[in-house]
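Here's the structure we're looking at; comments come further down.
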Amino acid sequence: MQPVLTMLHFFPEHLNLYGDRGNVTVLQKRCGWRNILLKIQEIRHAREACFPEADLFMIGGGSDREQGLVMEELVQMKEPWKEAIEDGLCGLAICGGYQLLGEYYELADGTRIQGLGILDYYSRCGDPRRRLVGNLGVISPRFGPLVGFENHGGETFHAYEALGDVVFGYGNNLSKKKEGLVYKHVIGTYLHGPVLSKNPVLADWMIMAALRRKYGEAPLPSLNNELEDEAKKILWNREAGHRLR
Ligand code: GLN
Numbered sequence: 001m002q003p004v005l006t007m008l009h010f011f012p013e014h015l016n017l018y019g020d021r022g023n024v025t026v027l028q029k030r031c032g033w034r035n036i037l038l039k040i041q042e043i044r045h046a047r048e049a050c051f052p053e054a055d056l057f058m059i060g061g062g063s064d065r066e067q068g069l070v071m072e073e074l075v076q077m078k079e080p081w082k083e084a085i086e087d088g089l090c091g092l093a094i095c096g097g098y099q100l101l102g103e104y105y106e107l108a109d110g111t112r113i114q115g116l117g118i119l120d121y122y123s124r125c126g127d128p129r130r131r132l133v134g135n136l137g138v139i140s141p142r143f144g145p146l147v148g149f150e151n152h153g154g155e156t157f158h159a160y161e162a163l164g165d166v167v168f169g170y171g172n173n174l175s176k177k178k179e180g181l182v183y184k185h186v187i188g189t190y191l192h193g194p195v196l197s198k199n200p201v202l203a204d205w206m207i208m209a210a211l212r213r214k215y216g217e218a219p220l221p222s223l224n225n226e227l228e229d230e231a232k233k234i235l236w237n238r239e240a241g242h243r244l245r
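By UniProt numbering, the letter at position 101 of the sequence shown is numbered 101, and the numbering carries on one by one without gaps.
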């Protein structure tokens with residue numbers, strides 16, 4: 001029997017900065033190569049999202065304007081979404097999407113874009129002229145070295161487990177040198193790239209978590225990641241000034 005997973009992809013047009021949609025393609029390919037069917041359900045309205053049937057979710061980054069546009073629809077999904085996350089639903093929230101899983105995102109002029117409030121944190125933009133831009137490299141205790149690209153005005157402050165420690169770039173905010181968060185099977189991150197193409201270890205962790213939740217045991221054959229590993233090393237060695245083994 002072919003395993004089948006369903007992924008909710010939220011606001012694919014509005015929340016798709018720097019090719020975040022590519023993460024969906026990566027998951028689909030890495031599932032397909034293992035004979036797992038990954039179905040994608042694009043969500044543009046709250047009524048379309050059926051959380052009890054979902055195995056994965058992805059919410060990408062967006063400009064302040066686009067975050068404001070989707071938020072009204074988004075907050076209507078809070079309760080079932082939160083329930084599913086507590087039940088182990090696995091998901092990836094990137095940059096603008098990561099900010100929106102928290103309580104609010106405050107712009108430099110004090111305007112607040114309401115978040116889902118599924119997790120207990122906030123983001124704020126101190127100075128509109130200052131953006132946190134560039135390559136971002138992280139050492140994650142769970143996943144090893146991770147790389148990607150960041151471009152955000154908002155800084156996020158939380159007390160959850162971080163995805164990792166910043167080696168180069170900024171990450172969550174200017175003061176802590178921490179990047180992203182992990183809560184149950186949810187990853188929040190400022191890494192664009194798309195992050196899953198640059199860090200297949202995250203993609204496989206997501207697939208595994210979804211398979212385990214739905215089917216129990218989940219043997220996942222390994223794939224050849226030589227190209228991805230080589231690209232990561234090149235970026236890391238240039239940006240960090242020390243060699244990645
Ligand atoms: N608009 C948000 C910010 O600037 C998110 C940007 C993004 O998703 N890259 O902080």
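By construction, the Cβ of each residue, glycine as well, lies at the ideal position given by its N, Cα and C atoms.
Asked: Short Cβ contact (8 Å threshold) for residue 9 with residue 53; Found: no
Asked: Range of the contiguous alpha helix (DSSP H) that encloses residue 170; Found: Unbroken run through residue 170: none, as it is neither H nor E.
Asked: Complete beta strand (DSSP E) runs within the region 60-126 (minimum length 3 residues, chain order); Found: 90-94, 104-106, 112-114 and 122-124
Asked: Contact under 8 Å by Cβ, residue 132 with residue 170; Found: yes
Asked: Entirely enclosed alpha helix (DSSP H) segments - the region 135-207, minimum 4 residues; Found: 195-198
Asked: CB of residue 156 within 8 Å of CB of residue 102, strictly; Found: yes
Asked: Any non-hydrogen atom of the ligand GLN within 7 Å of residue 154 CB; Found: yes
Asked: Residue 114 beta carbon near the ligand GLN (any heavy atom closer than 7 Å); Found: no
Asked: At least three beta-carbon pairs within less than 8 Å, the region 104-117 to the region 158-167; Found: no
Asked: Residue(s) in a DSSP beta bridge with residue 40; Found: 7
Asked: heavy atom of the ligand GLN below 7 Å from residue 50 C-beta; Found: no
Asked: Residues that DSSP places opposite residue 1 in a beta bridge; Found: Its beta-bridge partners do not exist; DSSP assigns none.
Asked: beta-carbon residue 63 near the ligand GLN non-hydrogen atom, thresh 7 Å; Found: yes
Asked: Proximity below 8 Å, CB of residue 105 to CB of residue 67; Found: yes
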